[in-house]
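Chains A and B, in that order, give the protein sequences.
Here the first sequence is numbered in the working numbering, starting from 1 and rising by one per residue.
Here the second sequence is numbered in the working numbering, starting from 1001 and rising by one per residue.
Every residue gets a Cβ at the ideal spot worked out from N, C-alpha and C, and that includes glycine.
In what follows, a structure is listed as structure tokens, so that the remarks can point back to it.
2 protein chains.
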Amino acid sequence: MRDVAALAQVSIGTVSNVLNNPDRVLPSTRERVEKAIAQLGWVPNQQAQQLRAGRGRTIGLAVMDVTNPFFADLLRSAQDVLFDNGFHATIGDADNNPQRQETILRTFLEQRVRGVILGPIGAQPDEVGELTKARIATVLVDRVAESVQCCTVGVDDHAGGRLAVDHLVETGHRRIAFAGGPISLKQVQDRLDGSKQAALEGDAELLVIAVPELDIAAGRQAADELVLMAPETRPTGVFCANDLVAIGLLQGLMAQGLSVPDDVAIVGYDNIDFAAAAAVPLSSIAQPRTDLGRTAANLLMAELADAEAGVAHAHQSVRFTPNLVVRESSAPRR
Amino acid sequence: MRDVAALAQVSIGTVSNVLNNPDRVLPSTRERVEKAIAQLGWVPNQQAQQLRAGRGRTIGLAVMDVTNPFFADLLRSAQDVLFDNGFHATIGDADNNPQRQETILRTFLEQRVRGVILGPIGAQPDEVGELTKARIATVLVDRVAESVQCCTVGVDDHAGGRLAVDHLVETGHRRIAFAGGPISLKQVQDRLDGSKQAALEGDAELLVIAVPELDIAAGRQAADELVLMAPETRPTGVFCANDLVAIGLLQGLMAQGLSVPDDVAIVGYDNIDFAAAAAVPLSSIAQPRTDLGRTAANLLMAELADAEAGVAHAHQSVRFTPNLVVRESSAPRR
DNA sequence: CTGAAAGCGCTTACAG
DNA sequence: CTGAAAGCGCTTACAG
């Protein structure tokens, strides 16, 4: 900047003004400064700008797994509204690792991001408290309010679990399994609880197949367990905690000669684009992931606007309702 | 920091030292400072640190589409090695939009990131020049060297295209189509060129079905085009520029009553996890995406290490070889 | 081992 | 309309 000022023969304060208050500076000098900027290829140092100004325009987005299309789509939609509002997004991928999530959040803190949108791993990350304490606007996504001191947007996972198992019960299944894990994930816990309730009310057994992670490999692992069971006791319908598990399960079962849905019916969760394209098109519980992302970003923008205006902000909790999409993988039994 | 110093009754210089040169400060005072930090919940301001120190430990990762599992996996693997080396990753998603990519790169520049790993959209982003000029180490991924002034790591897309079409020719196809776009993407261009060459050598026709983007919707669009054609002239084998297009094509064809591979055989590209799980398991050209990501990150680390040591850095171009994975979607015709 | 002081690259009142 | 000066929160020689 000093170089720019020297080349344009003005003070650095004037250079700053052509950037931040262009109308305060004479067109002729403005032009001179702009020419100098272009000539030197100068790019302002955001660190210095923010340090001085006190706040920047960067929003941190953290999700537990970018590799899961559900989150990728969610990020995409959130990012779109952030950009439209003139903010930058910086994405953190926790890789299903709570420790990594902590690192990411810590980094956001050190970077003094303006706000954070978090799809948290644990039940209730302590870090959220630190964020709000540091006056960083935070909205939790894919998680509903639990007396948290911030805005939240989520889907009713309990209802989603019920929906899935209700459907299996209605299509005649009495031995049902839930495949998912780890149970430390609130999503998994809620979906399981919903399942249990539906199974109870439908007078069906519910076997829990615990898997370490919500990915395709975990689904294959679940398939191995099912294949080992005697056909008379083996569940005839499986509800998977997400579509990745469902896809892995489907692959594993087919590879080992079992038929879907005839031997085992499957219902997944998230309704990612790949669910419809699976070997046997997957029934799935659809979450409005695009709305989730957009809403989260809008809530954040609203909170920042309130902060700007010095108005007190009332935290909101938006909860969407999931719905069942039936496809071939759980077509009524013949 | 001032508050911490006051509470611990030391100067701010000493607080800084317990962070950066813990051994220079008496254990007893160090402890006092640490207690004060914990008590106040103080988090250092990275902006100030970097501004003063001159450089930080953040690496910018930019890809054209986080929503594509190929890139999500690539990011994941690159990120792993960055973390292991004590760097933070900040991800930018260009959303297939060159303008957005420019914004991302500009932001990286303003943020004075230490290095950038870029999976570029255009042929040769000018911004790369700006990055290197600003002494930001840059490595291009999913793109081989074109006399670029930086390290690159990529896969031979031309060979990949050949591989795919050779396979179709060998399994008896003479009317072949290439489905992909936009042609402005180097990847698409190279894969098409390879296809053309293989078609020529195999004495087969090659029809180009141009699509606007490499996603599932584009694949469905290609299906619509194919379905409209008379069976006698319709291509019997289609090579898709990536697996998303292939999956969309598969869906579209099946929905409209055509059989894969009997009516139309399909070969995709990338071999994402979902390819094997598709309605008809997809043949695909496999790229070692995990190696791509890891190698890119390692090249960057090496370049930074050289810079640190004041040694001149010799840019490297690593090129991997793709290979064909045959599955049902292109099983030899009966 | 600790403190005082300069300075990183900007912005922002305040004079002129 | 433009410039000089203070200060954002740190780190880093330099004294002591």
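Query                                                                                                                                : Result
Proximity to V211 of chain A [Cα-Cα], best of A:A204, A:E205, A:L226, A:L200                                                         : A:L226
Contact set for R1334 of chain B: own chain, Cβ-Cβ below 6 Å, skip 5 residues either direction                                       : Unreliable positioning characterises R1334 of chain B in this predicted model, as indicated by a pLDDT of 48, which lies under 50. A coordinate reading is not provided.
Euclidean distance between Cα positions of A72 of chain A and T1029 of chain B                                                       : 47 Å
Burial state of I285 of chain A (16 or more Cβ within 10 Å)                                                                          : buried
Integer Cβ distance of V128 of chain A from G60 of chain A, believed to fall under 8 Å                                               : In fact, because the Cβ distance is near 12 Å, the residues do not count as touching under 8 Å.
V1264 of chain B: first and last residue of the uninterrupted alpha helix (DSSP H) it sits in                                        : Unbroken run through V1264 of chain B: none, as it is neither H nor E.
Under 9 Å between C-beta atoms of A1235 of chain B and I1183 of chain B                                                              : Note on identity: in this sequence residue 1235 of chain B is Pro, with Ala being the wrong assignment. Contact: no.
Span of the alpha helix (DSSP H), counted from its first residue to its last, around L26 of chain A                                  : Neither: L26 of chain A is in no alpha helix (DSSP H) and is coded neither H nor E.
Interface flag, H315 of chain A vs chain B, CB-CB below 9 Å                                                                          : no
Start and end residues, beta strand (DSSP E) containing E170 of chain A                                                              : Unbroken run through E170 of chain A is the alpha helix (DSSP H), 157 to 170; no beta strand (DSSP E).
Residues of the segment 1128 to 1142 of chain B whose Cβ lies closer than 8 Å to any Cβ of chain A, in chain order                   : E1130, K1133, A1134
Minimum Cβ-Cβ distance from G194 of chain A to chain B less than 9 Å                                                                 : no
Proximity winner among B:V1245, B:A1204, B:A1241, B:A1279, relative to D1224 of chain B (alpha-carbon distances)                     : B:V1245
Beta-carbon proximity list for F87 of chain A, same chain, < 6 Å, skipping 5 on both sides                                           : R57, I59
Exposure label - E1201 of chain B; buried when at least 16 CB within 10 Å                                                            : exposed
Straight-line gap, V1264 of chain B to A230 of chain A (C-alpha atoms, nearest Å)                                                    : 39 Å
4 or more residues per run - each alpha helix (DSSP H) lying fully within the segment 1216 to 1256 of chain B                        : 1216 to 1228, 1243 to 1255
Per-residue contacts from Q47 of chain A into chain B (C-beta, under 7 Å)                                                            : Q1047, Q1050, L1051, R1112
E205 of chain A - containing beta strand (DSSP E), residue span                                                                      : 205 to 210
Nonlocal neighbours in the same chain, by C-beta distance under 7 Å from I374 of chain A, ignoring five residues either side         : This structure gives no information on residue 374 of chain A, because the portion of chain A shown stretches from 1 to 334.
Residue ranges of each beta strand (DSSP E) within the segment 1028 to 1071 of chain B, 3 or longer                                  : 1058 to 1063
CB contact below 9 Å: F1274 of chain B versus chain A                                                                                : yes
Contact with chain B by R334 of chain A, beta-carbon distance below 9 Å                                                              : Any reading at R334 of chain A must be qualified, since the residue scores a pLDDT of 48, below 50, and its modelled position is unreliable; the value itself is stated next. Not closer than 9 Å to any Cβ of chain B, the Cβ of R334 of chain A fails to qualify, so no.
Nearest-angstrom Cα separation, counted from G1160 of chain B out to V1238 of chain B                                                : 14 Å
L192 of chain A versus I272 of chain A: straight-line alpha-carbon distance, rounded                                                 : 20 Å
Same chain, Cβ closer than 6 Å to N17 of chain A, neighbours up to 5 away in sequence not counted                                    : R24, V25
Residue from B:P1322, B:V1311, B:G1293, B:N1323 whose Cα sits closest to the Cα of L1074 of chain B                                  : B:G1293
Beta-carbon proximity list for C1150 of chain B, same chain, < 7 Å, skipping 5 on both sides                                         : V1128, T1132, T1138, V1139, L1140, H1315
Touching by the beta-carbon criterion (3+ pairs, under 8 Å), the segment 1100 to 1115 of chain B and the segment 29 to 47 of chain A : yes
Spatially closest choice to D291 of chain A from A:Q99, A:V153, A:A134, A:D166, by CA coordinates                                    : A:V153
Residue range of the unbroken alpha helix (DSSP H) whose run includes G194 of chain A                                                : 186 to 201
Among A:E232, A:E303, A:V188, nearest to E213 of chain A - alpha-carbon criterion                                                    : A:V188
Distance, G1041 of chain B Cα to P27 of chain A Cα                                                                                   : 48 Å
V139 of chain A beta carbon near the ligand FAD (any heavy atom closer than 8 Å)                                                     : Inclusion of the ligand FAD in the displayed structure is not the case, the ligand content being empty and no account of it being possible.
Helix, strand or coil at N408 of chain A according to DSSP, with G and I counted as helix                                            : Shown here, chain A extends from 1 to 334; a query on residue 408 of chain A therefore has no answer.
A164 of chain A, buried or exposed, once every other Cβ within 10 Å from all chains shown has been counted against 16                : buried
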